[in-house]
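Report on the structure given below.
Protein chains: 2
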Amino acid sequence: MNLTLKDIAQALGISVATVSKALKGYKDVSPSTRKKVLEYAKKVQFKPNTQAAFLRTKQTKLIGLILPKIDHDFFAQILKGILNQAEETDYKIIILCSDESYENERKHIQDLLQLNADGIFISIAKSTNKFDHLVEAQKSRTSLIIFDRYVKILPSHRIIIDDKKAAFRATEHLIQNGCDKIAYFRGDLISQISIDRFLGYKKALDHYKVPFNRDLVLTCNENTLEEGKSKAAQLLEKKLPINGVFAVEDLLALGAMEEFKKEGYKIPKDIACMGFSNWNLADLVSPSLSSVEQNGFLMGKKVFQLFIKDQKNKAEEKAFTTEIIPTHLVIRESTDFGIKT
Amino acid sequence: MNLTLKDIAQALGISVATVSKALKGYKDVSPSTRKKVLEYAKKVQFKPNTQAAFLRTKQTKLIGLILPKIDHDFFAQILKGILNQAEETDYKIIILCSDESYENERKHIQDLLQLNADGIFISIAKSTNKFDHLVEAQKSRTSLIIFDRYVKILPSHRIIIDDKKAAFRATEHLIQNGCDKIAYFRGDLISQISIDRFLGYKKALDHYKVPFNRDLVLTCNENTLEEGKSKAAQLLEKKLPINGVFAVEDLLALGAMEEFKKEGYKIPKDIACMGFSNWNLADLVSPSLSSVEQNGFLMGKKVFQLFIKDQKNKAEEKAFTTEIIPTHLVIRESTDFGIKT
DNA sequence: CTGAAAGCGCTTACAG
DNA sequence: CTGAAAGCGCTTACAG
Numbered sequence: 065m066n067l068t069l070k071d072i073a074q075a076l077g078i079s080v081a082t083v084s085k086a087l088k089g090y091k092d093v094s095p096s097t098r099k100k101v102l103e104y105a106k107k108v109q110f111k112p113n114t115q116a117a118f119l120r121t122k123q124t125k126l127i128g129l130i131l132p133k134i135d136h137d138f139f140a141q142i143l144k145g146i147l148n149q150a151e152e153t154d155y156k157i158i159i160l161c162s163d164e165s166y167e168n169e170r171k172h173i174q175d176l177l178q179l180n181a182d183g184i185f186i187s188i189a190k191s192t193n194k195f196d197h198l199v200e201a202q203k204s205r206t207s208l209i210i211f212d213r214y215v216k217i218l219p220s221h222r223i224i225i226d227d228k229k230a231a232f233r234a235t236e237h238l239i240q241n242g243c244d245k246i247a248y249f250r251g252d253l254i255s256q257i258s259i260d261r262f263l264g265y266k267k268a269l270d271h272y273k274v275p276f277n278r279d280l281v282l283t284c285n286e287n288t289l290e291e292g293k294s295k296a297a298q299l300l301e302k303k304l305p306i307n308g309v310f311a312v313e314d315l316l317a318l319g320a321m322e323e324f325k326k327e328g329y330k331i332p333k334d335i336a337c338m339g340f341s342n343w344n345l346a347d348l349v350s351p352s353l354s355s356v357e358q359n360g361f362l363m364g365k366k367v368f369q370l371f372i373k374d375q376k377n378k379a380e381e382k383a384f385t386t387e388i389i390p391t392h393l394v395i396r397e398s399t400d401f402g403i404k405t
Numbered sequence: 065m066n067l068t069l070k071d072i073a074q075a076l077g078i079s080v081a082t083v084s085k086a087l088k089g090y091k092d093v094s095p096s097t098r099k100k101v102l103e104y105a106k107k108v109q110f111k112p113n114t115q116a117a118f119l120r121t122k123q124t125k126l127i128g129l130i131l132p133k134i135d136h137d138f139f140a141q142i143l144k145g146i147l148n149q150a151e152e153t154d155y156k157i158i159i160l161c162s163d164e165s166y167e168n169e170r171k172h173i174q175d176l177l178q179l180n181a182d183g184i185f186i187s188i189a190k191s192t193n194k195f196d197h198l199v200e201a202q203k204s205r206t207s208l209i210i211f212d213r214y215v216k217i218l219p220s221h222r223i224i225i226d227d228k229k230a231a232f233r234a235t236e237h238l239i240q241n242g243c244d245k246i247a248y249f250r251g252d253l254i255s256q257i258s259i260d261r262f263l264g265y266k267k268a269l270d271h272y273k274v275p276f277n278r279d280l281v282l283t284c285n286e287n288t289l290e291e292g293k294s295k296a297a298q299l300l301e302k303k304l305p306i307n308g309v310f311a312v313e314d315l316l317a318l319g320a321m322e323e324f325k326k327e328g329y330k331i332p333k334d335i336a337c338m339g340f341s342n343w344n345l346a347d348l349v350s351p352s353l354s355s356v357e358q359n360g361f362l363m364g365k366k367v368f369q370l371f372i373k374d375q376k377n378k379a380e381e382k383a384f385t386t387e388i389i390p391t392h393l394v395i396r397e398s399t400d401f402g403i404k405t
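See the structure below:
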């Protein structure tokens with residue numbers, strides 16, 4: 065076991081209280097005593113016991129991070145960003161995965177509250193349509209910060225992107241390159257970012273007077289390669305004429321490309337394809353996939369920074385902050401009409 | 065703030081000690097009292113304070129996980145496996161990243177010991193060649209479990225694969241399909257798994273009487289796509305005749321394939337390519353990449369299970385366990401000579 | 001400037 | 001079967 069304040073106090077022949085104060089930089093300790101304590105503590109590598117300190121300070125220095133998925137490029141980048149910032153502090157990150165389930169999400173929040181986590185960072189599961197657990201967290205002394213997958217009707221700290229605008233730009237790019245029959249592989253019908261992206265797609269069509277065709281909108285729930293393939297196959301089967309596809313996740317777009325290629329379509333000449341999130345593999349496939357870059361690493365850093373700010377503001381009035389992380393289009397072969405493979 | 069034992073005791077008109085005992089299932093509490101306590105605790109959703117309990121039990125229910133890299137498919141699978149098991153217990157996982165640095169690794173272990181983590185799970189950074197920090201962890205009351213990247217000279221709990229055998233099988237597959245000039249993109253010169261894989265490659269050459277050519281062995285330190293490309297370019301530049309490449313990570317193999325394709329070589333006909341780890345993108349590229357599948361999810365589960373076993377064995381003699389996770393070859397287009405694209 | 005004392009919320013050996 | 005008491009390691013208001 066580690067040494068305690070008591071051990072140090074005994075070794076130096078002073079009181080526990082004085083040792084504690086010297087270590088914490090209180091001013092009412094004589095310079096000589098302070099020096100003595102600091103030097104001794106350093107020599108024996110004294111490590112204060114976090115759990116004991118908590119009983120008094122109510123700070124655990126623990127933060128819970130709830131991700132909807134683990135093996136997911138974008139969330140991995142966010143995690144990197146959070147850890148990058150956390151390393152410069154003495155906060156530790158507890159990682160949990162909701163696996164897109166409301167029940168898991170709720171359970172994890174309960175656990176984190178029981179653990180007295182100082183903060184909870186969460187991106188909402190797709191299936192979550194009740195928010196009582198989030199409200200409960202907000203009522204507690206923890207700082208709740210929602211990132212990427214947010215909840216429109218729940219006021220909260222948010223670090224997000226402008227999904228509507230990003231989807232608008234992506235659709236616009238397809239239109240400006242001659243696509244006028246753009247299939248849209250949309251996300252689920254519940255989550256806000258899925259709704260926002262659809263609105264962006266729709267707005268671009270309206271803005272450029274491209275007719276909207278309900279049959280070209282396919283709802284995807286898994287966002288896997290397989291789902292992309294099968295949705296593309298559905299489109300082809302119905303013989304719906306299309307010359308572009310915009311999918312709300314890269315894997316869907318990749319699956320669609322594979323299906324189109326298999327059936328003899330040229331990309332981008334016959335069908336241009338656009339993804340979303342710019343996973344690292346978008347650059348590795350052939351043709352390489354155009355996509356919307358969201359800077360996950362930066363988002364993660366901002367989440368942590370907002371947490372620190374919120375901790376400092378604890379005393380003051382509660383006001384929620386929303387920060388928008390900029391996105392941009394990455395144009396690659398799958399929509400590059402200069403190439404026309 | 066949450067309710068405490070004291071609150072419950074007052075509400076029910078009994079003592080704190082009795083409440084505690086009833087909650088913990090001690091037998092020396094009358095059934096009626098126990099029932100009363102349990103029901104009330106449930107009603108008010110009593111959540112015992114973990115930090116306070118620690119002061120007595122010395123259990124934090126916290127486990128530190130140190131990964132060399134975050135955005136890495138294999139480690140993500142391991143993390144999934146660990147979380148999968150942890151969810152069924154009340155242990156929480158604190159995630160840290162060494163970023164392949166010994167200094168970071170050392171610092172994280174210090175932090176975790178200070179935090180009194182019940183367990184530390186670690187895969188060693190590439191640059192780590194001192195092990196004092198690991199020895200210190202073993203001396204403490206934490207359970208140290210090393211996975212994948214282990215240290216040969218340090219006895220410890222280990223969940224690993226048989227890297228030598230896996231590399232042997234992969235090389236053998238290339239040889240059996242006619243490759244007799246197999247370039248080897250090896251990993252760093254320090255870590256054990258890198259050494260083991262090299263030995264497996266060498267052993268397969270020896271076994272099948274394929275001459276070993278030192279010039280065909282290239283040492284890679286980054287294991288990125290770019291490094292794969294540049295090493296492949298080096299090989300071509302030197303005009304070394306090759307008809308196979310075995311790389312110790314998929315990204316290296318993918319980079320090499322890109323370079324070879326660019327220079328007009330057919331894969332696998334001119335040069336067969338084999339990776340290691342079977343990242344999900346191995347299946348998405350064209351030609352798809354053959355690789356060695358390591359079951360990261362299973363490895364993660366086993367790590368956690370070994371931890372639980374070790375916690376139970378605390379009283380008994382310390383004996384270290386090593387468990388080998390089986391691997392297998394996944395043959396795809398890049399080494400499928402039936403296809404000969 | 002220093003230290004005794006109370007207390008954070010829990011657990012458990014002990015007395016009754 | 002029940003509860004008073006000590007103690008885990010720290011912090012901090014208070015007295016001197």
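Quick note, the sequences are listed as chains A and B, same order. Under the numbering used here, think of the first position of the first sequence as 65, with each following residue one higher. Under the numbering used here, think of the first position of the second sequence as 65, with each following residue one higher. Where a beta carbon is used, it is the ideal one built from N, C-alpha and C, also for glycine. Keep in mind it's a predicted model, so treat the numbers as computed, not measured.
Of A:V394, A:F232, A:V309, the smallest CA-CA separation from K245 of chain A is found for A:V309.
Every beta strand (DSSP E) of 3 residues or more that sits fully in the stretch 206-270 of chain A is shown, in chain order, as 207-211, 221-224, 246-250.
With respect to the 8 Å criterion, L315 of chain A and N287 of chain A are classified as neighbours on the basis of their beta carbons. Taking all protein chains shown into account, Y265 of chain A has 16 or more neighbouring C-beta atoms within 10 Å of its C-beta and is therefore buried. Going by beta carbons, G292 of chain B and G319 of chain B fall inside the 8 Å limit. Close to Q141 of chain A, with beta-carbon spacing below 7 Å, are these residues of chain B in chain order: D135. Residues are counted here when their Cβ sits less than 7 Å from a Cβ of chain A; for the stretch 345-372 of chain B these are L345, L348, V349, S350, given in chain order. Residue-level contact by beta carbon fails for A296 of chain B and chain A, as no gap is shorter than 8 Å. Between I184 of chain B and L208 of chain B, the C-beta gap is smaller than 8 Å, which places the two residues in contact. With contacts defined as CB atoms closer than 8 Å, T206 of chain A and D182 of chain A qualify as a contacting pair. Distance from the Cα of S258 of chain A is smallest, within the candidate group A:S191, A:L269, A:D279, for A:S191.
For I157 of chain B, the C-beta contacts it makes with chain A under 7 Å involve I158, I159, in order along the chain. Contact of A116 of chain A with chain B by beta-carbon distance below 7 Å involves L119.
Annotation for E103 of chain A: the continuous alpha helix (DSSP H) segment containing it runs 95-107. Among the residues of the stretch 282-293 of chain B, those with a Cβ less than 8 Å away from any Cβ of chain A are L289, in the order of the chain.
Relative to I157 of chain B, the option among B:D163, B:K144, B:S165, B:E164 whose CA is nearest is B:K144. Using a CB distance cut-off of 8 Å, N180 of chain B counts as an interface residue toward chain A. Close partners of K111 of chain B in chain A (Cβ separation under 7 Å): Q178. Within its own chain, the residues whose Cβ lies closer than 7 Å to the Cβ of S165 of chain B, once the five positions on either side in sequence are excluded, are A189, S191, listed in chain order.
Among the CB atoms of chain A, one or more fall inside 8 Å of the CB of K144 of chain B. Listed along chain A, the residues sitting closer than 9 Å to T124 of chain B by beta-carbon distance are T114, Q115.
In this structure the stretch 78-98 of chain B does not lie against the stretch 378-398 of chain A, because fewer than three pairs of beta carbons, one per stretch, are closer than 8 Å. Burial check for E169 of chain A: the Cβ neighbour count within 10 Å reaches 16 or more, so the residue is buried. Rounded to whole angstroms, the gap between the alpha carbons of I254 of chain A and S350 of chain B is 35 Å. For T283 of chain A, the uninterrupted beta strand (DSSP E) segment begins and ends at 281-283. The C-beta separation of F110 of chain A from L160 of chain A comes to about 32 Å, leaving the pair out of contact by the 8 Å criterion. Interface flag for L87 of chain A against chain B is unset, since no Cβ pair is found closer than 8 Å. By the Cβ-count criterion, A75 of chain B is exposed, with fewer than 16 other Cβ atoms from all chains shown falling within 10 Å of its own Cβ. Listed along chain A are L348, each with a C-beta nearer than 8 Å to that of L318 of chain B. Collapsing the DSSP output to three states places Q141 of chain A in a helix.
The beta-carbon of L147 of chain A is placed less than 8 Å from the nearest beta-carbon of chain B.
Classified as exposed, A383 of chain B has fewer than 16 neighbouring CB atoms from the shown chains inside 10 Å of its CB. Straight-line spacing of the CA atoms in P95 of chain B and E151 of chain B works out to 31 Å. If you ignore the 5 residues before and after A268 of chain A, its C-beta comes within less than 7 Å of the C-beta of F232, T235, E236, I239, all in its own chain and listed in chain order.
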